[in-house]
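Visitor: In the working numbering, the protein residues as written are -17 to 213.
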Amino acid sequence: MNRIPLKTLILAAFVILLSTMAITNLQGLSALSDINGRLTSLVDSAMAQVQITAEIQKNMQEISRDEKNTILAMTREQMDGFATSINKSIANIEDLQRKLDPLLSEAVRKDMAEFTQTWEAFIAVNEEVRSLARENSNTRAAALSAKEVRTAFEKAQKSIGILVERLKVRMTTNEDVDALRATGIIQILAAEIQLGLLEIQRDEKNIILVPTLEEMKVFEDGMDKTLALVE
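#1: Could you tell me the boundaries of the alpha helix (DSSP H) in which D62 lies?
#2: Taking the alpha helix (DSSP H) that L114 falls in, what are its first and last residues?
#3: Are F97 and F135 touching if we call contact CB-CB under 8 Å?
#4: Inspect the beta-carbon positions of E44 and V111 and report whether they are closer than 8 Å.
#5: Give the single residue among S113, E88, I75 and N108 whose Cα lies nearest to the Cα of Q33.
#6: What is the rounded straight-line gap between the Cα of M61 and the Cα of V107?
#7: Taking 8 Å as the threshold (C-beta atoms), are Q39 and I142 in contact?
#8: Using a Cβ-Cβ cutoff of less than 8 Å, which residues in the same chain neighbour D83 once the five nearest sequence positions on both sides are dropped?
#9: My understanding is that A115 touches M42, with C-beta atoms under 8 Å, so please give their C-beta distance in whole angstroms.
#10: Suppose you measure from the CA of E109 to the CA of K140; what does that come to, to the nearest Å?
#11: Closest by CA to R148, which one among L54, L86 and S71?
#12: Is R132 near the ligand MG, going by C-beta to nearest heavy atom under 7 Å?
#13: Which of the three DSSP states, helix, strand or coil, is assigned to A55?
#14: Applying the criterion that 16 or more other CB atoms from any shown protein chain within 10 Å of the CB defines a buried residue, is T133 buried or exposed?
#15: Between M29 and K81, what straight-line distance do the alpha-carbon atoms span, to the nearest angstrom?
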């Protein structure tokens, strides 16, 4: 019965090891890809929330500006133009609220509910101001705008400001992002350890195969260096 040479056995074992390590590394890369995708999704969601609330603030300012212009307008045509602009901004805010709602956590949704309440109060007095302006009651409209409307707008502005700040803080201190990032670091370290073990196995094989002590010493030094990195 023919015996298989030692070198052949070593090479065969090394091929099996390489195959196993390749499969393990592919699994690690797949896990890293999944973590990266989830991190991207979380960060994109947080950024989208901040951008949407910033758009809401922009439309609020436009409504406040058009309301004042409505009071100052000299003709019905001018008033109608500002009314169209206000209605467009209101519709934009409603659309932005619908987009924002599914992105919010339960805690932040409470802040959104607070803003919605103050915003609806502002819209109610804003409509009254516009109605008075159309009736040529500009003095009454200006007085209402200076008091009730201003107070309502400031409350709505404050509540959306609180929401924006909360979202910015969550974007920079998101616990889910931190947890995923930590998991990704662990996966990377595990992959690096696997690569180190592979290098050790390779050098071990080479030590067995080389014919001289000098060559053995080179591979031994390589193994020691890799072991230090793995540790």
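Even for Gly, the Cβ is constructed at its ideal location relative to N, Cα and C.
Guide: In short, the structure shows the following:
#1: It spans R58 to L82 - the alpha helix (DSSP H) in which D62 sits, taken as one unbroken run.
#2: Following the DSSP letters along the chain, one finds L114 inside the alpha helix (DSSP H) bounded by residues E88 to R116.
#3: Against a cut-off of 8 Å, the Cβ pair of F135 and F97 comes out as no contact.
#4: Contact flag unset, no.
#5: Put simply, of S113, E88, I75 and N108 the residue whose alpha carbon is nearest the alpha carbon of Q33 is I75.
#6: About 17 Å.
#7: By the CB criterion at 8 Å, I142 and Q39 fall inside the cutoff.
#8: Cβ neighbours of D83 beyond the five flanking positions: R91 and M94.
#9: The Cβ separation is near 19 Å, so there is no contact.
#10: Between E109 and K140, the C-alpha separation is close to 21 Å.
#11: Considering only alpha carbons, the answer is L86.
#12: Of the ligands one can find in the structure shown there are none, so the ligand MG has no counterpart to examine.
#13: Three-state DSSP puts A55 in coil, outside helix and strand.
#14: Exposed, by the Cβ-count rule.
#15: Between the alpha carbons of M29 and K81 lies a gap of roughly 13 Å.
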